[in-house]
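Below is one structure, written out as C-alpha cells; comments come after it.
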Amino acid sequence: MEKMSRVTTALGGSVLTGRTMHCHLDAPANAISVCRDAAQVVVAGRSIFKIYAIEEEQFVEKLNLRVGRKPSLNLSCADVVWHQMDENLLATAATNGVVVTWNLGRPSRNKQDQLFTEHKRTVNKVCFHPTEAHVLLSGSQDGFMKCFDLRRKDSVSTFSGQSESVRDVQFSIRDYFTFASTFENGNVQLWDIRRPDRCERMFTAHNGPVFCCDWHPEDRGWLATGGRDKMVKVWDMTTHRAKEMHCVQTIASVARVKWRPECRHHLATCSMMVDHNIYVWDVRRPFVPAAMFEEHRDVTTGIAWRHPHDPSFLLSGSKDSSLCQHLFRDASQPVERANPEGLCYGLFGDLAFAAKESLVAAESGRKPYTGDRRHPIFFKRKLDPAEPFAGLASSALSVFETEPGGGGMRWFVDTAERYALAGRPLAELCDHNAKVARELGRNQVAQTWTMLRIIYCSPGLVPTANLNHSVGKGGSCGLPLMNSFNLKDMAPGLGSETRLDRSKGDARSDTVLLDSSATLITNEDNEETEGSDVPADYLLGDVEGEEDELYLLDPEHAHPEDPECVLPQEAFPLRHEIVDTPPGPEHLQDKADSPHVSGSEADVASLAPVDSSFSLLSVSHALYDSRLPPDFFGVLVRDMLHFYAEQGDVQMAVSVLIVLGERVRKDIDEQTQEHWYTSYIDLLQRFRLWNVSNEVVKLSTSRAVSCLNQASTTLHVNCSHCKRPMSSRGWVCDRCHRCASMCAVCHHVVKGLFVWCQGCSHGGHLQHIMKWLEGSSHCPAGCGHLCEYS
Amino acid sequence: MFVARSIAADHKDLIHDVSFDFHGRRMATCSSDQSVKVWDKSESGDWHCTASWKTHSGSVWRVTWAHPEFGQVLASCSFDRTAAVWEEIVGESNDKLRGQSHWVKRTTLVDSRTSVTDVKFAPKHMGLMLATCSADGIVRIYEAPDVMNLSQWSLQHEISCKLSCSCISWNPSSSRAHSPMIAVGSDDSSPNAMAKVQIFEYNENTRKYAKAETLMTVTDPVHDIAFAPNLGRSFHILAIATKDVRIFTLKPVRKELTSSGGPTKFEIHIVAQFDNHNSQVWRVSWNITGTVLASSGDDGCVRLWKGSTIPSLQNSLNGSSAGRYFFTPLDSPRAGSRWSSYAQLLPPPPPPLVEHSCDADTANLQYPHPRRRYLSRPLNPLPENEGI
Chain A
301 MEKMSRVTTA
311 LGGSVLTGRT
321 MHCHLDAPAN
331 AISVCRDAAQ
341 VVVAGRSIFK
351 IYAIEEEQFV
361 EKLNLRVGRK
371 PSLNLSCADV
381 VWHQMDENLL
391 ATAATNGVVV
401 TWNLGRPSRN
411 KQDQLFTEHK
421 RTVNKVCFHP
431 TEAHVLLSGS
441 QDGFMKCFDL
451 RRKDSVSTFS
461 GQSESVRDVQ
471 FSIRDYFTFA
481 STFENGNVQL
491 WDIRRPDRCE
501 RMFTAHNGPV
511 FCCDWHPEDR
521 GWLATGGRDK
531 MVKVWDMTTH
541 RAKEMHCVQT
551 IASVARVKWR
561 PECRHHLATC
571 SMMVDHNIYV
581 WDVRRPFVPA
591 AMFEEHRDVT
601 TGIAWRHPHD
611 PSFLLSGSKD
621 SSLCQHLFRD
631 ASQPVERANP
641 EGLCYGLFGD
651 LAFAAKESLV
661 AAESGRKPYT
671 GDRRHPIFFK
681 RKLDPAEPFA
691 GLASSALSVF
701 ETEPGGGGMR
711 WFVDTAERYA
721 LAGRPLAELC
731 DHNAKVAREL
741 GRNQVAQTWT
751 MLRIIYCSPG
761 LVPTANLNHS
771 VGKGGSCGLP
781 LMNSFNLKDM
791 APGLGSETRL
801 DRSKGDARSD
811 TVLLDSSATL
821 ITNEDNEETE
831 GSDVPADYLL
841 GDVEGEEDEL
851 YLLDPEHAHP
861 EDPECVLPQE
871 AFPLRHEIVD
881 TPPGPEHLQD
891 KADSPHVSGS
901 EADVASLAPV
911 DSSFSLLSVS
921 HALYDSRLPP
931 DFFGVLVRDM
941 LHFYAEQGDV
951 QMAVSVLIVL
961 GERVRKDIDE
971 QTQEHWYTSY
981 IDLLQRFRLW
991 NVSNEVVKLS
1001 TSRAVSCLNQ
1011 ASTTLHVNCS
1021 HCKRPMSSRG
1031 WVCDRCHRCA
1041 SMCAVCHHVV
1051 KGLFVWCQGC
1061 SHGGHLQHIM
1071 KWLEGSSHCP
1081 AGCGHLCEYS
Chain B
18 MFVARSIAAD
28 HKDLIHDVSF
38 DFHGRRMATC
48 SSDQSVKVWD
58 KSESGDWHCT
68 ASWKTHSGSV
78 WRVTWAHPEF
88 GQVLASCSFD
98 RTAAVWEEIV
108 GESNDKLRGQ
118 SHWVKRTTLV
128 DSRTSVTDVK
138 FAPKHMGLML
148 ATCSADGIVR
158 IYEAPDVMNL
168 SQWSLQHEIS
178 CKLSCSCISW
188 NPSSSRAHSP
198 MIAVGSDDSS
208 PNAMAKVQIF
218 EYNENTRKYA
228 KAETLMTVTD
238 PVHDIAFAPN
248 LGRSFHILAI
258 ATKDVRIFTL
268 KPVRKELTSS
278 GGPTKFEIHI
288 VAQFDNHNSQ
298 VWRVSWNITG
308 TVLASSGDDG
318 CVRLWKGSTI
328 PSLQNSLNGS
338 SAGRYFFTPL
348 DSPRAGSRWS
358 SYAQLLPPPP
368 PPLVEHSCDA
378 DTANLQYPHP
388 RRRYLSRPLN
398 PLPENEGI
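Chains as they are written, first to last, in the numbering used here: chain A, 301 to 1090; chain B, 18 to 405.
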C-alpha cells in the first residue's frame, strides 16, 4: 500500500518519524494521552490501562498499569491525561467517581500515587494545569468540578456549575487562572480558578450536551466546542460576549475536538456514535472535511496530536480495541473526490451547468479582458503558504438556453400537435403529415410520408399528387404556401407554366435540399459520400429525379411523354434513361424474394442504390405498372420504422404505425410496437401534450397501451349544496334533489368540462369561471371563499 | 445557438448536482452546504428559487426528481450516509405568498454505513422505486409498495459491487423485452486496475439482480454514467465520464440464442471516445431523445457531442431534429466513430464578487468555438480543439 511510506519531521531538538500504523489492544479504549516527549502514549479504558512506545514501525507495549489481582473499579477509566510538564505524572478519571494519579517514577510495580474519592458519580474529564505541576482539575457527572493540589490529600476548591453534568474541563493555555467547562444542558462556563463561588461567564453554546472543548494553542481566547447537535463551534472568548466565529457541521455528534498544531484553522474531531472516522476540518470551510481517517471499525474514543508542534501525526484509540497513528498525508480527502460540477440536459435542449468557480474562473482568467480585474483579488486573499487555503469554494450556476428557433425540441412539439393520425383517407393523412414535416424543415421525414402515400395509395386515388408535390416544393424551397396551393388548383392543362415554376423552384431548392440528400445517403449507408460536397450534389440529382418522377408519373399516366418532362433532363440524363426503360417487375420480384429478415438498413439501401440502374422512383413506377400488392412493401416499411426508432425518432415510428394501421402492424412484433407506443407517450407527457398523448393512446391497438387512459378515471364528488357524497349516476343529488353541477356564474347545469374550487366545491364552466376570476378572487357563488384554482 | 443565463445560486459551498424535473420546468440543485434548492421557471424564462432547505448533515452529492405521477418528489443523497425522500406540500400557507414552497422529509434511508454517492429513481413503469449506491460498494434498491405513502420504503435488493461506487444509472427502456437494468460506475482510485463499470440486470426467475456485463476497458475512475433515453431503440446507449468521455452501445443478443433464464448477453461496442476535455470528465447528460450528449470536465467547459452514425450498428444516430450534420473525419480516430463535438459552452464568468446579478450576462458570453455557428457552413470539416 501507499501508506507504507514514512514521514520524518524535525522539531527543535527531537525528531519524529513514523508511518500510518495501528496495533491491537486487548480491550476497547476510552481515552488516550500522549507523553510530552511524543514517544509514548497511554491508553485507558474500562479494562485496559497501558503505555505504548511509539516506534518508527510499530507500537510497543511498555507498561501495563493495571496491576493487582482483583480488578478494581478505580481502574475503570473514563479519561486519562499525561502531564505536559512531568513525564512521570498521569491522572485518570474512573467511572466510579475516583480520580487517581500515577507516578511512573515509583519503583514498585504499582504506580498508583494518590486517590481522590470526592466525586459521587463518574468523572468525565481530568485536566492538568498546563504550566503548574501540581494542579489537577476534574469534571464529573455529578455536576461539580474539583481542583486538586497534588501535594494535598483533598481538593482545594469545588466549583458548582449549578446545572447538569460536566462533560469537559480544560485549562486555558494562555490565561493562567482560567478554565472552561462544558455541560450536558448545552452551556459553557468560564471560571477563574481563584473564585469557586461563581463562574466568570456562561453562555449556551449548543443545542443539547456539549461533549468537548479545546482551547486554541496559539490564539488566546479561541475555544472550540463540540456537541450532540453535530456541530463544532469556535468561539472568540476575548470579547465581552462570547462570539461564535465558525460553525462546522459534522455528520454525527461530536465526542472530541482537538486543534491541529501549527494550522491555525484546522481541528480534528471524532464522533460518539454511528461514525467511526476522524475528520480534520478547516473551520473556514465548515461543510466539507479537509481530511478523513477511516481506519477504525468502531467508534473512535480518543484523539491526540502526537506533538504540540507537529501537524502531521495524529494518534487515536477506539472502541474497536485498536490504537492508531495516522499520517495526515495518508488521509483521504473528500474534497478531492467531491464532484465539482453538475450538469443536466433539459427537456427543451437547455443545459443547466454548475461548476466550481475556480474552474470557470481559470478558464476566463486566460482571456486577457477578464484577467486583470480578478487576479489581484485572488492574490490578496492568499494566505501564508504554510497553510494553503483556496478560499471558500463556491459554484457558479448557469443555464444555457436554446434560442428560439435555434434548435431545441420545438420541432417535436409542433410535429406532435400538427400531425393528423386518423379520421381521413390515408393519402390525405400522408400528404398532410408530409406537409407538416416539410414546413418544419424535416425533409427526410416528409420524403418518407410522400413515399408511403405512393406505396399504399393506388394510383387511381391520387388526384392530390399534384398537391403533394407542389406543397412539398413550397416547404422545401421556401416558396410561399399560397403559391403552392395555386399550383394545385391549376388544371393539368396548364402544366407548362406549372412546370416552369417548378423548375425555378428546383434551382432555388438546391441548397436546401442538401439536407434531405444527405439524409438519403445516410439511409443508403453510403458513408464515403457524406463528407464532401460533390456526391451530395450528385445525390441532389437523385432526389430531384425522384420528385420529377412523382410529378410526372403519378397524376398523369396519360402524358408520360409530355415534352415538358424533358425539361429537367439536361441535368439528369441518367435518371431519365431509367424512366424510359423501367426495370421489369421480375427484377423487383427477385428483390422481394431475397431475404429481408435481417432487418438491417441494407435492405433500404438495396432499393435505393447509388449507382445501380433502378431507384425508389422506378419502384414506385413499377408499382403502378405491375399492381403489386401493398404488403409487398411491408418489409421495407418495417425496416424504415425500425430505422426511425433506432435513431431516436420514435415519433415518426409511432405516427406511421398509426396512420398505416393494419397495413404494417402484422409485420412488427407486438412487443416492439408497445415499446414504441410507451416511449412516445412518455415523451408526449414530458412536453405536456396531454391531448396528443391521449389520442395516441386511443389510436393504439396494443392492449397494454390502450388501457393506459382507462385506469383510475373514477372521480368521487360531493354535492355542492348538501356536501354529501353524490351517487354514482345522474346529475341530481339524492338527498337534496338539486342539480349538483350548476355553474355558479350562469346557473346552468354543466355538462362536460366542469371546474370547481376544491375549497368550497363551487364551480362551473371553465370559460365562465376564468372570466369571473379575472375580476374577483372570491367565489362566484357568494360563499365568501377565496377560491383557488391551480 | 445558446444563450447563457447565469443564476445567483447562493449556495455556500460547491454545487454538486443539478437536475431538471420531468417536464423541464423545475430545477433542483444540491450543494456541500447541506442544502437543496428548488428553482421554478417563470413565464419569462427566469429561474426563481422557490425553496431552499437543509437536507442533510453532510455534503449533498446528488438530487433527483421522481416522475410527477408520484407527486412533486425529490430524493437526495449525502456524505452523511443517508438518502432522503422529500415531498412538496401544497397548501394555503404563508410561504406561498412569499413565493416559497414547503418540502417535507418523507423518509430517510439509513442502510448505508458510508457516504451515499448517488440516488436515482427507477423508470416510471417499474413503479416507485429508487436505487442508491454508496462508497462501500453496495447498490441498494428500495421500493415504496404504496405510491401514496412516501414514508414507507422497503429495501428490496442489495447488490455488492466490490468497488466503491460513485454513480448509477437505470436503463430507461420501457420495453417488456428489456429487463430492469442498472449500470454502476466506480471511482475507486486504487492502483490495481479493475473494470469500473458494471451492469446488473434483474432476473425474473431468481428475482434478483445479477451481473450482466462488466465493461473491461474502463479502468479509470468513473465519475458519472448515463443511459440515453431509449425511445424505442432495440439497443441501449451508455455514456461514461471518466478521464475522457466514452459512449458504448449495448445490443441485447436475441433471447432465443442465449440459454433461457440466464442473464441477457449483450454485444457491447464502444462507439465514441473523446478526450477533448483534456482532464477528468465529471458529468455526462443526454438530451431527451438520446441524440446529443453533454459532458463537462475539469476544463470548465461543457461540450456537446452529437452522433451521426454508429457504423457497427449500421444505423444513424442523427438527431433528425436538426437535420444538420457535421462530419469531422479526423475526430476521435481511436474509436473511429462518427460522434463529433458540435458545441462547447463556457459559463459566463462568475459575477463580480460582491454583486450577484440574475440577468443573462450576454455581453460576456464567449464563443470559443466556431462550430456553434455551424448553420452557415454545415458540411465543412471543422478543426477540433480550435481556440481552446
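Glycine included, every Cβ here is placed at the ideal spot set by N, Cα and C.
Problem set entry | Distance between G314 of chain B and W56 of chain B (C-alpha atoms, nearest Å) | 24 Å
Exercise. Cα separation between A765 of chain A and E974 of chain A?
Worked result: Legend: pLDDT at A765 of chain A = 38, less than 50; position of this residue unreliable, value from coordinates given subsequently. C-alpha separation (whole angstroms): 33 Å.
Problem set entry | Cβ separation of E418 of chain A and D337 of chain A, assumed to be a contact under 8 Å, to the nearest whole Å | Rounded, the Cβ-Cβ distance is 31 Å, inconsistent with contact.
For this session: Taking only beta-carbon positions, decide if T702 of chain A is within less than 8 Å of chain B.
Result: It does; some Cβ of chain B falls within 8 Å.
For this session: Look at the alpha carbon of R742 of chain A and the alpha carbon of S74 of chain B, and state the distance between them as a whole number of angstroms.
Result: 51 Å
For this session: Can you grab the Cα-Cα spacing for the pair F283 of chain B / V713 of chain A, in whole Å?
Result: 34 Å
Exercise. CB F483 of chain A to CB E464 of chain A, shorter than 8 Å?
Worked result: yes
Problem set entry | Top-ranked residue by Cα proximity to D497 of chain A, from A:T458, A:W522, A:Q358 and A:V510 | That would be A:T458, whose Cα lies nearest to the Cα of D497 of chain A.
Problem set entry | Anticipated Cβ contact below 8 Å, W78 of chain B with H33 of chain B, distance rounded | 5 Å
For this session: Check the Cβ of R637 of chain A against every Cβ in chain B and list those closer than 7 Å, keeping chain order.
Result: D204
Exercise. Can you tell me the Cα-Cα spacing of D83 of chain B and T550 of chain A, whole angstroms?
Worked result: Note that residue 83 of chain B is Ala in the sequence shown here, rather than Asp. Answer to the nearest angstrom: the Cα atoms are 28 Å apart.
Problem set entry | Cβ neighbour criterion (16 or more within 10 Å) applied to C150 of chain B | So C150 of chain B counts as buried.
Exercise. What does A21 of chain B reach in chain A if we use C-beta pairs closer than 7 Å?
Worked result: S698 and F700
Exercise. Once you ignore the five residues that flank E302 of chain A on each side, which residues in its own chain have a CB closer than 6 Å to its CB?
Worked result: Interpretation of E302 of chain A is limited by its pLDDT of 43, a score under 50 that renders its predicted location unreliable; the figure taken from the coordinates is listed afterwards. There are no such residues.
Exercise. Could one say the Cβ of D97 of chain B lies closer than 8 Å to chain A's Cβ atoms, at least one of them?
Worked result: yes
For this session: Determine the closest residue to T504 of chain A out of A:R520, A:V534 and A:L721, with distance taken between C-alpha atoms.
Result: Comparing Cα-Cα distances from T504 of chain A to each of A:R520, A:V534 and A:L721, the minimum goes to A:V534.
Problem set entry | Start-to-end residues for the alpha helix (DSSP H) that takes in A604 of chain A | No alpha helix (DSSP H) holds A604 of chain A; the beta strand (DSSP E) holding it covers T600 to H607.
Exercise. According to a CB-to-CB cut-off of less than 8 Å, which residues of the region 137-155 of chain B neighbour chain A?
Worked result: Along the region 137-155 of chain B, the positions whose C-beta sits under 8 Å from a C-beta of chain A are K141 and H142, read in chain order.
Problem set entry | Below-8 Å beta-carbon distance, K543 of chain A vs any chain B residue | no
Problem set entry | Q971 of chain A in three-state terms, based on DSSP | Note: Q971 of chain A maps to helix in three-state DSSP.
For this session: For Q117 of chain B, decide whether its Cβ has a neighbour in chain A, counting only Cβ atoms nearer than 8 Å.
Result: So, not an interface residue.
For this session: Give a yes or no on whether the C-beta atoms belonging to C644 of chain A and S23 of chain B are separated by under 8 Å.
Result: no
Problem set entry | Opening and closing residue of the alpha helix (DSSP H) in which E944 of chain A lies | Note that residue 944 of chain A is Tyr in the sequence shown here, rather than Glu. G934 to E946 is the extent of the alpha helix (DSSP H) around Y944 of chain A.
Exercise. Thinking C-beta only, is E221 of chain B closer than 8 Å to T281 of chain B?
Worked result: no
Exercise. Are the C-beta atoms of H975 of chain A and some chain B residue less than 8 Å apart?
Worked result: yes
Exercise. Do you know offhand how far L567 of chain A's Cα is from A945 of chain A's?
Worked result: 58 Å
Exercise. Does any residue of chain B bring its CB to less than 8 Å from the CB of C644 of chain A?
Worked result: yes
Exercise. Would you say N293 of chain B reaches chain A, if we count a Cβ-Cβ gap shorter than 8 Å as a contact?
Worked result: no
Problem set entry | Same chain, Cβ closer than 7 Å to W749 of chain A, five either side skipped, listed in chain order | C730, N733, A734 and A737
Exercise. Which residues mark the beginning and the end of the beta strand (DSSP E) in which D731 of chain A is found?
Worked result: Unbroken run through D731 of chain A is the alpha helix (DSSP H), L726 to E739; no beta strand (DSSP E).
For this session: Decide yes or no for the touch test of the region 636-652 of chain A against the region 606-615 of chain A: beta carbon pairs closer than 8 Å, at least 3 of them.
Result: no
For this session: Could you pull out every residue in the same chain whose Cβ sits closer than 7 Å to the Cβ of E175 of chain B, ignoring the five residues on either side in sequence?
Result: The residues are I155 and R157.
Exercise. For C1087 of chain A, which of helix, strand or coil comes out of DSSP?
Worked result: coil
For this session: Helix, strand or coil for Y980 of chain A, going by three-state DSSP, please let me know.
Result: Helix.
For this session: Take Q358 of chain A and list the residues in its own chain whose beta-carbon comes closer than 8 Å to its own, dropping the five residues that flank it on each side.
Result: M321 and C323
For this session: Please classify V164 of chain B: does DSSP put it in a helix, a strand, or coil?
Result: coil
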